[in-house]
Amino acid sequence: MKLFIWSALLLASVSVQASLCENGKRQSPINITATQKRSGPEPDFAYHPAPLNIANDGHTVRVRFDKRSTLRLGKEQYTLQQFHFHTPGGDQIHGEEFPMAAHLLHKSASGQLLAVVVLFRTGKENSVLRQLLPLIPPKQDGDHLQAGLSIDAVSLVPRQHAYYRYAGSLTAAPCTEGVEWIVMKQPLELSGEQLAAYRNRFADNGRAVQPLHQRSVVEVP
Ligand SMILES: [Zn+2]
16 MKLFIWSALL LASVSVQASL CENGKRQSPI NITATQKRSG PEPDFAYHPA
66 PLNIANDGHT VRVRFDKRST LRLGKEQYTL QQFHFHTPGG DQIHGEEFPM
116 AAHLLHKSAS GQLLAVVVLF RTGKENSVLR QLLPLIPPKQ DGDHLQAGLS
166 IDAVSLVPRQ HAYYRYAGSL TAAPCTEGVE WIVMKQPLEL SGEQLAAYRN
216 RFADNGRAVQ PLHQRSVVEV P
């Protein structure tokens, strides 16, 4: 009987996860088309160099931060937890698919999650990827603290701070909703060789665009 109850609970929790990823109404990424132009707070990135702590999580390359890099948006302050990359980039702008995106995940003291999305087009070599690509661990085996090396996430922030904002979600199971989603309007560049090198390790790890449903996208110029 006990076993039956545990399996029923387990099945219920698995189906809740599946239902958000499949049937959630506020999922990321999206194709950004119609927007509401509004003035809004400029993001204030107070990022600092941090010891380089890199992992291959089996899905992407992830860099964890030491809680000293923060982002202020209006009245709320968020702490940078980690960033990672997707190819293709996920969020589209007027139907344009970007070959890569960086997701910088932040959390406020009250637990609010905020993702900053930085899109890439191919062009010039990117300095962050130049540092990271040769250091991606060969297999999925947790964090690797790189002695003597540091990284500053400010190198992933575009010079212009205009952005789109919408109510989104985590893009992998359990696809948790209620994540503030900030898509920077100005893309960065990476070289074709860097894109190929990343795709050689993690091909097609971007999620397809999700239906907008009743959401609106705010555009802060
Ligand atoms: Zn992501």
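So in this note's numbering the end of the sequence shown lands on 236, straight run, no missing numbers.
No residue lacks a Cβ here, since even glycine has one placed at the ideal position from N, Cα and C.
Residue pairing by DSSP places HIS118 opposite HIS99, VAL132 in a beta bridge. The C-alpha of ALA218 is placed about 14 Å away from the C-alpha of HIS99.
Around the CB of SER84, 16 or more other CB atoms lie within 10 Å, so the residue is classed as buried. DSSP lists no beta-bridge partner residue for GLN42.
Of the residues assessed, ARG145 falls on the exposed side of the cut-off, its CB having fewer than 16 other CB atoms within 10 angstroms.
Distances from the CB of HIS118 to the heavy atoms of ligand 1 include at least one below 7 Å. Contact between ALA116 and GLY105 holds: CB atoms are separated by about 5 Å, below the 8 Å threshold.
Distances from the CA of GLY138 to each of GLU91, LEU203, TYR181 were compared; the closest alpha carbon is that of LEU203. C-alpha of ARG53 to C-alpha of ALA177: approximately 11 Å in a straight line.
A straight line joining the alpha-carbon of PRO152 with that of ILE197 spans about 29 Å. In this structure, ASN46 is the residue among ASN46, SER34, ARG174, GLY39 with its C-alpha nearest to the C-alpha of ARG180. The alpha-carbon of THR191 is positioned some 17 Å away from that of GLN97. The three-state secondary structure of TYR213, taken from DSSP, is helix. Cα atoms of ALA212 and TYR93: separation of roughly 32 Å, rounded to the nearest angstrom. Beyond the five residues adjoining it in sequence on each side, GLN51 comes within less than 6 Å, by CB distance, of SER231, VAL233 in the same chain, given in chain order. In this structure, DSSP gives SER170 a helical state, which the three-state scheme calls helix. Between ligand 1 and THR186, a heavy atom-to-CB distance of less than 7 Å is present.
Assignment of LEU86 by DSSP, reduced to helix, strand and coil, places it in the strand class.
In the DSSP assignment, no residue is bridged to PRO58.
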